[in-house]
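Below: the structure, in structure tokens.
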Amino acid sequence: MKNELTNDILKVLYTEEQIRERVREMGEEIAERFAGTRPLFVGILKGSVLFLADLIRACPLRCDLEMMAVSSYANATKSSGRVRINHDLQQDIHGRDLIIVEDILDSGNTLAFLQEYLKAKGAASITIVTLLDKPSGRQKAVSADYVGFTVPDAFVVGYGLDYAQLYRNLPYIGILKPEVYES
Ligand code: PRP
837 MKNELTNDIL
847 KVLYTEEQIR
857 ERVREMGEEI
867 AERFAGTRPL
877 FVGILKGSVL
887 FLADLIRACP
897 LRCDLEMMAV
907 SSYANATKSS
917 GRVRINHDLQ
927 QDIHGRDLII
937 VEDILDSGNT
947 LAFLQEYLKA
957 KGAASITIVT
967 LLDKPSGRQK
977 AVSADYVGFT
987 VPDAFVVGYG
997 LDYAQLYRNL
1007 PYIGILKPEV
1017 YES
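Following this note's numbering, the numbering of the sequence shown begins with 837 at its first residue and continues without gaps.
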């Protein structure tokens, strides 16, 4: 079957199998670290949805789940530095151990903002889990506690990550052809 998304991909960085294996490892590590506690996973929409769904299934813990929607990119390839909350937590997080789940840590603007915001709401601890880390993009001093893969300075899409809202449904992670966002 012709795949109209695949035509825009320059190179596959991580296959479905590689992602599945890495997410399974991360789930085991997190389950071990939080064994006997009841952490609250906070998934950051929209990019994290595929990763979050797989991660929590790899993490056999008693846990809660919340979603937040924040945005900073507004259809551009570079972070604007401004973060806006589009959907907030639905419960009191005072005294809770939070596990923030992100698809990518790039400039750090989103996570720097979220750390401050969630700390101010009284979280007991904040653990950051990101599938991808792109250190070359960093503008804020933020680091993740758990990183799936460290990626090069390229525009990556798939498995939740978008360009102009497309490509989130690719089952793998790939580098987008430059002509797609330069045109
Ligand atoms: C992306 C991604 C992270 C953030 C990371 O979200 O999901 O939340 O950017 O970039 P940063 O480290 O430079 O802040 P985006 O705002 O594109 O929204 P989306 O998840 O809905 O795609």
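In this text, a Cβ means the ideal position worked out from N, Cα and C, and glycines have one as well.
Please state whether DSSP places residue i in a helix, a strand or coil.
i, result
"Glu840", "coil"
"Phe870", "coil"
"Gly876", "Position check: residue 876 holds Leu in this sequence, whereas Gly was assumed. Correct three-state label for Leu876: strand."
"Gln926", "coil"
Name the one or two DSSP bridge partners that residue i has.
i, result
"Arg920", "Ser907"
"Val848", "Gly1010"
Among the options, which has the Cα closest to the Cα of residue i?
i, options, result
"Leu901", "Leu888, Gly944, Ser907 and Ala894", "Leu888"
"Ile935", "Ser884, Asn922, Ala1000 and Thr851", "Ser884"
"Ala960", "Ala867, Gln951, Leu967 and Ile845", "Gln951"
"Asp989", "Leu925, Leu941, Asn843 and Arg869", "Leu941"
"Val930", "Leu947, Leu954, Gly958 and Met904", "Inspection of the sequence shows that residue 930 is occupied by His rather than by Val. Nearest C-alpha to His930: Gly958."
"Arg920", "Asp933, Asp928, Gln926 and Phe949", "Phe949"
"Glu864", "Leu1006, Leu997, Tyr953 and Gly984", "Gly984"
"Leu925", "Ala905, Asp939, Gly944 and Leu947", "Ala905"
"Pro1014", "Lys847, Thr963 and Leu1006", "Lys847"
"Arg974", "Gln854, Val987, Ser943 and Leu954", "Ser943"
"Arg856", "Lys970, Gln927 and Ile892", "Ile892"
"Lys882", "Glu861, Asp969 and Tyr999", "Tyr999"
"Thr873", "Leu886, Pro896, Glu853 and Val859", "Pro896"
"Thr851", "Ile1011, Arg932 and Tyr953", "Ile1011"
"Thr963", "Val937, Arg860, Leu997 and Gly994", "Val937"
"Leu1006", "Glu1018, Val1016 and Val992", "Val992"
"Leu954", "Asp928, Leu997 and Ser972", "Asp928"
Please tell me whether, using a cut-off of 7 Å, the distance from the CB of residue i to the nearest non-hydrogen atom of the ligand PRP is below it.
i, result
"Glu902", "no"
"Ser943", "yes"
"Asp989", "no"
"Asp939", "yes"
"Gly1010", "no"
"Ile935", "no"
"Asp998", "yes"
"Gly973", "yes"
"Thr946", "yes"
"Ile880", "yes"
"Gly958", "no"
"Gly783", "In this structure the chain extends from 837 to 1019, so residue 783 is not present and cannot be described."
"Arg908", "One detail in the question is off: residue 908 reads as Ser in this sequence, not Arg. Yes."
"Gly883", "yes"
Kindly provide the ranges of any beta strand (DSSP E) runs that are 3 or more residues long and lie completely inside the stretch 930-1013, ordered along the chain. Those beta strand (DSSP E) runs which fall completely within the stretch 930-1013 and span 3+ residues are 933-941, 961-969, 982-986 and 1009-1012.
Beta strand (DSSP E) runs wholly inside the stretch 880-905, at least 3 long, in chain order: Fully enclosed beta strand (DSSP E) runs of 3 or longer: not present.
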